[in-house]
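Per my numbering, the very first residue in the sequence shown carries number 1; after that it's consecutive.
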Amino acid sequence: IRLLQQKYAHRVKANGFSGHHLGIAIDVAAYALGAEWVERHFTKDRTWKGTDHAASLEPAGLSKLMRDLEATHTALTYKAEDILDLEKAQRAKLKWGQYNKDILDKAKK
Numbered sequence: 001i002r003l004l005q006q007k008y009a010h011r012v013k014a015n016g017f018s019g020h021h022l023g024i025a026i027d028v029a030a031y032a033l034g035a036e037w038v039e040r041h042f043t044k045d046r047t048w049k050g051t052d053h054a055a056s057l058e059p060a061g062l063s064k065l066m067r068d069l070e071a072t073h074t075a076l077t078y079k080a081e082d083i084l085d086l087e088k089a090q091r092a093k094l095k096w097g098q099y100n101k102d103i104l105d106k107a108k109k
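In structure tokens:
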């Protein structure tokens with residue numbers, strides 16, 4: 001993915017990934033490496049005859065792929081704030097000890 005981006009950045013607007021592989025981990029890795037599009041075949045039953053069915057995703061697999069791609073996007077997205085409000089109380093406990101009431105009270109606000 002990165003080699004294609006370097007080699008063809010002046011000729012293409014975006015890089016994508018398509019494959020006939022088993023599972024969804026490779027799709028998520030391609031996205032993490034910079035693929036902006038992920039293309040997968042889907043089927044109602046992978047045991048049907050035909051070459052594409054075995055490597056295709058069933059509805060549950062497609063849902064899991066979407067879930068994992070969305071989680072990866074969230075993990076790779078820049079946070080405007082280094083420490084979220086949700087994390088402040090826990091950080092105050094770990095950094096200063098559980099007895100520093102002032103810091104804990106500020107973190108709760």
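From the three backbone atoms N, C-alpha and C, an ideal C-beta is built for every residue, glycine too. Please read all numbers here as calculations on a predicted model, not as lab measurements.
Residue range of the beta strand (DSSP E) that includes residue i
i, result
"Asp23", "Going by the sequence as given, residue 23 is Gly instead of Asp. Run containing Gly23: none; DSSP gives neither H nor E here."
"Gly61", "Per DSSP, Gly61 belongs to no beta strand (DSSP E); it is in the alpha helix (DSSP H), Pro59 to Leu76."
"Ser56", "Per DSSP, Ser56 belongs to no beta strand (DSSP E) and is neither H nor E."
Where residue i sits in the DSSP three-state scheme
i, result
"Glu39", "strand"
"Leu84", "coil"
"Lys7", "helix"
"Lys49", "coil"
"Lys79", "coil"
"Lys44", "coil"
Opposing strand residues paired with residue i [DSSP bridges]
i, result
"His16", "Rather than His, the amino acid found at residue 16 in this sequence is Gly. Gly16 is bridged to Trp37."
(request) Determine, using beta-carbon pairs with one atom in the segment 8-25 and one in the segment 37-46, whether at least three such pairs fall under 8 Å. (result) Three or more Cβ pairs drawn from the segment 8-25 and the segment 37-46 lie within less than 8 Å of each other, which places the two stretches in contact.
(request) Could you tell me whether the segment 56-74 touches the segment 20-33, where touching means 3 or more Cβ pairs closer than 8 Å? (result) As far as the Cβ criterion goes, the segment 56-74 touches the segment 20-33, which means the pair count is three or higher.
(request) Taking 8 Å as the threshold, find out whether the segment 76-84 comes into contact with the segment 58-68 through three or more Cβ pairs. (result) Contact fails: fewer than three Cβ-Cβ distances are below 8 Å.
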